[in-house]
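K.L.:
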Amino acid sequence: EGPRQAEGIVQYMVKQSLPAVSLIEDSAELASFIDSSLTPVVVETGSNLNATFYQLSESNREEYSFVQTKDSEFASKYGDEKILLFTKEFPEPIVYSGEDESAEAIAEWLKVESLPYFGELDGRSTFEKYTSANIPLAYLFYNTPEEKEAWRESITKLAQEHRGKINFAGVDASKYGIYAEALNMDQEFPLFVILDVVSNKKYGYPQDTELTTEAVEEFVKRYDAGEIEPIVKTEEIPEVQENAVYKIVGKTHDAIINDDTRDVLVKYYTPWCGDCKKLAPVYEELAEVYQSNSEASKKVRVANFDADLNDVDVEIQGYPTLILYPAGDKSNPIVHQGGRDLQSLADFIKEKGTHGIDIDALEKDGGAEEPMSGLISLLKKFFFSFTV
Numbered sequence: 001e002g003p004r005q006a007e008g009i010v011q012y013m014v015k016q017s018l019p020a021v022s023l024i025e026d027s028a029e030l031a032s033f034i035d036s037s038l039t040p041v042v043v044e045t046g047s048n049l050n051a052t053f054y055q056l057s058e059s060n061r062e063e064y065s066f067v068q069t070k071d072s073e074f075a076s077k078y079g080d081e082k083i084l085l086f087t088k089e090f091p092e093p094i095v096y097s098g099e100d101e102s103a104e105a106i107a108e109w110l111k112v113e114s115l116p117y118f119g120e121l122d123g124r125s126t127f128e129k130y131t132s133a134n135i136p137l138a139y140l141f142y143n144t145p146e147e148k149e150a151w152r153e154s155i156t157k158l159a160q161e162h163r164g165k166i167n168f169a170g171v172d173a174s175k176y177g178i179y180a181e182a183l184n185m186d187q188e189f190p191l192f193v194i195l196d197v198v199s200n201k202k203y204g205y206p207q208d209t210e211l212t213t214e215a216v217e218e219f220v221k222r223y224d225a226g227e228i229e230p231i232v233k234t235e236e237i238p239e240v241q242e243n244a245v246y247k248i249v250g251k252t253h254d255a256i257i258n259d260d261t262r263d264v265l266v267k268y269y270t271p272w273c274g275d276c277k278k279l280a281p282v283y284e285e286l287a288e289v290y291q292s293n294s295e296a297s298k299k300v301r302v303a304n305f306d307a308d309l310n311d312v313d314v315e316i317q318g319y320p321t322l323i324l325y326p327a328g329d330k331s332n333p334i335v336h337q338g339g340r341d342l343q344s345l346a347d348f349i350k351e352k353g354t355h356g357i358d359i360d361a362l363e364k365d366g367g368a369e370e371p372m373s374g375l376i377s378l379l380k381k382f383f384f385s386f387t388v
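The UniProt record's numbering puts the first residue of the sequence shown at 1, with every later residue one more than the last.
Below, the structure written as structure tokens:
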């Protein structure tokens, strides 16, 4: 946690050693404090929210400076018993006016209001500030500083209109253009795309159409109305399932996991993940056990999902992640936390699945294999038997 550069570490340590809240009673001293602060300043005039304010400061002291004052001159100018946010971006403070006066609600308000209308994404720290606000983030990738300035007025206007609903930021394409691909866009600039930071869905302005201020305004309006479809990165749907492990792609993910007749186990993986490669043969064997029995194959599906090549609206903490979607209870998926050997995985499906299939009680009867999948499995076993 905290900064990693020498100067930042020193500032961090100094700030941690000081009280979370500074008490300043002189208006001139307070004005000087606000002007010289390197972080946004949160001021409480009065003490009605004293306990809340101190709770807020303790959990947010790294991002903001907190001041409490009862100075009458300051209170007469900005209001008594108020919480004010001072930033370099705006000449006047922003007053908290929410009905919910909990520390959590005020903290969420600060995350939004401390950001500029049209800021700059220039590294991990700024990206985290925007995503922590938990509202959609609109990116404008630009080629030159002059191009960004040409967009500033229209983007700022949009940001003001959608404050608290959508954040807006510029990205220097000459430095960070490659990140456009992570947003399912081509490296053709300028470009405009909105990321839903909660669902990870991307909504990009069509790159075969000229990007104008009027077009972006209309695009944002339609996005806000729920009229824009997300761009889903996906492989093509397989014509034939070649293995016992069922291959899911972005286009088919929701339909497969929501098959209410089956307990569906999905392995979310990436090709570069070492643990994923290690699990692959065990997972294939697990799938073949269910596939080889006609009744079990109708009740259990073992599937793969390549998270590198496909988008999915599922929170993944690391790879591989195994999630079971029980039949008849799809709204309550279960993440596998146990062992990754064959028996542990089978026990997980038996105990957490709706059908309670016990692999030890299954008899092979030819199953319900997809066309050619049985032959391919046999060929794989034959050739793999000669591997040194």
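For every residue, glycine included, the Cβ atom is placed at its ideal position computed from N, Cα and C.
Per DSSP, what are the beta-bridge partners of S22 in this structure?
P.N.:
Answer is V67, bridged to S22.
K.L.:
What first and last residue would you give for the beta strand (DSSP E) that runs through L322?
P.N.:
Counting along the chain, the beta strand (DSSP E) containing L322 begins and ends at 321–325.
K.L.:
Let's test the definition: count the other Cβ atoms within 10 Å of the Cβ of I237 and tell me whether it reaches 16, buried, or not, exposed.
P.N.:
Its Cβ having fewer than 16 others within 10 Å, I237 is exposed.
K.L.:
Considering K352, what are the terminal residues of the alpha helix (DSSP H) in which it resides?
P.N.:
Per DSSP, K352 belongs to the alpha helix (DSSP H) from 342–352.
K.L.:
Throw me the rounded Cβ distance for the Y269 and Y319 pair, which I believe falls under 8 Å.
P.N.:
Y269 to Y319, Cβ: 5 Å. Contact.
K.L.:
Whole-angstrom Cβ separation of N143 and S174, contact assumed at under 8 Å?
P.N.:
Yes, N143 and S174 are in contact; Cβ-Cβ is about 7 Å, under 8 Å.
K.L.:
Are at least three pairs of beta-carbons, each pair with one atom in the stretch 92–109 and one in the stretch 149–160, less than 8 Å apart?
P.N.:
In short, these stretches do not touch, since the Cβ pair count stays below three.
K.L.:
Please return the same chain residues whose Cβ sits closer than 8 Å to the Cβ of D260, not counting the five positions on each side in sequence.
P.N.:
So the qualifying residues of the chain are A327, G328, K330.
K.L.:
Which residue comes first and which comes last in the alpha helix (DSSP H) that contains N50?
P.N.:
Here the alpha helix (DSSP H) through N50 covers 50–60.
K.L.:
Per DSSP, A169 forms a beta bridge with which residues?
P.N.:
A169 pairs with G119, Y139.
K.L.:
Measure the CB-CB distance between M185 and V193 and report whether it falls below 7 Å.
P.N.:
Against a cut-off of 7 Å, the Cβ pair of V193 and M185 comes out as a contact.
K.L.:
Classify G226 as buried or exposed, calling it buried when 16 or more other Cβ atoms lie within 10 Å of its own Cβ.
P.N.:
Its Cβ having fewer than 16 others within 10 Å, G226 is exposed.
K.L.:
Report the three-state DSSP secondary structure of I194 (helix, strand or coil).
P.N.:
Three-state DSSP puts I194 in a strand.
K.L.:
Assuming F74 is part of the beta strand (DSSP E), what are its boundary residues?
P.N.:
Where F74 is concerned, there is no enclosing beta strand (DSSP E), although the alpha helix (DSSP H) it sits in stretches over 72–78.
K.L.:
Given a threshold of 16 other Cβ atoms within 10 Å of its Cβ, counted over all protein chains shown, does L345 qualify as buried or as exposed?
P.N.:
It is buried - the Cβ of L345 has at least 16 other Cβ atoms within 10 Å.
K.L.:
Measure the Cβ-Cβ separation of residue 390 and D263 and say whether it is below 7 Å.
P.N.:
With the chain running from 1 to 388 in the structure shown, residue 390 is simply not present.
K.L.:
In whole angstroms, give me the CA-to-CA distance for G250 and P136.
P.N.:
Rounded to whole angstroms, G250 to P136 spans 21 Å at the Cα level.
K.L.:
Exposed or buried, L375, counting other C-beta atoms within 10 Å across all chains shown (16 or more means buried)?
P.N.:
With a pLDDT of 40 at L375, under the threshold of 50, the modelled position of that residue is not reliable, and no figure is offered here.
K.L.:
Please say whether V21 and F66 have beta carbons closer to each other than 7 Å?
P.N.:
It is a contact, given that the beta carbons lie within the stated cut-off.
K.L.:
Alpha carbon to alpha carbon, how far is G46 from A103? Give it in angstroms, no decimals.
P.N.:
Roughly 16 Å separates the two Cα atoms.
K.L.:
Can you tell me which of the three DSSP states I228 falls into?
P.N.:
I228 falls in the coil class under three-state DSSP.
K.L.:
Whose C-alpha, out of K278, V312, F348, is nearest the C-alpha of D254?
P.N.:
Among K278, V312, F348, the Cα nearest to that of D254 is on V312.
K.L.:
Between T87 and the rest of its own chain, which residues show a CB-CB distance below 7 Å, the 5 nearest in sequence each way excluded?
P.N.:
Excluding sequence neighbours, T87 sits near P40, S114.
K.L.:
Within its chain, find whatever has a CB closer than 7 Å to the CB of F141; leave out the 5 residues flanking it on each side and keep chain order.
P.N.:
Excluding residues within five positions, the ones whose Cβ falls inside 7 Å are V171, A173, G177, A180, F189, P190, L191.
K.L.:
What do you reckon, are the CB atoms on I83 and E44 nearer than 7 Å?
P.N.:
Taking 7 Å as the Cβ cut-off, I83 and E44 qualify as a contacting pair.
K.L.:
For residue 389, collect the residues of the same chain with a Cβ closer than 6 Å to its Cβ; drop the 5 residues on either side in sequence, then sort them by chain order.
P.N.:
There is no way to answer for residue 389, as the model of the chain reaches only from 1 to 388.
K.L.:
Where does T87 fall in DSSP's three states?
P.N.:
Residue state, collapsed to three classes: coil.
K.L.:
Report the three-state DSSP secondary structure of V43 (helix, strand or coil).
P.N.:
The answer is strand: DSSP assigns V43 an E or B state.
K.L.:
Near I357, what residues of its chain come up, given a Cβ to Cβ distance below 8 Å and the 5 sequence neighbours on each side ignored?
P.N.:
These residues qualify, in order along the chain: D263, Y290, A296, K299, V300, I349, K350.
K.L.:
Put A280 into one of helix, strand or coil per three-state DSSP.
P.N.:
In this structure, A280 counts as helix in the three-state DSSP scheme.
K.L.:
Near E370, what residues of its chain come up, given a Cβ to Cβ distance below 8 Å and the 5 sequence neighbours on each side ignored?
P.N.:
Its pLDDT being 46, under 50, E370 is placed unreliably in this model, and the coordinates cannot settle the point.
K.L.:
Measuring only the C-alpha atoms, how far is S154 from T212?
P.N.:
Approximately 10 Å between the Cα atoms of the pair.
K.L.:
Where do the ends of the beta strand (DSSP E) carrying residue 405 lie?
P.N.:
Since the first residue of the chain shown is 1 and the last is 388, residue 405 is not available in this structure.
K.L.:
Is G204 buried or exposed, if buried means 16 or more other CB atoms sit within 10 Å of its CB?
P.N.:
The residue is buried, with at least 16 neighbouring Cβ atoms inside 10 Å.
K.L.:
Along the chain, where does the alpha helix (DSSP H) that runs through residue 423 open and close?
P.N.:
Look at the range of the chain in this structure, 1 to 388, and you will see that residue 423 is not part of it.
K.L.:
Would you kindly report the start and end of the unbroken beta strand (DSSP E) that includes L158?
P.N.:
Unbroken run through L158 is the alpha helix (DSSP H), 145–161; no beta strand (DSSP E).
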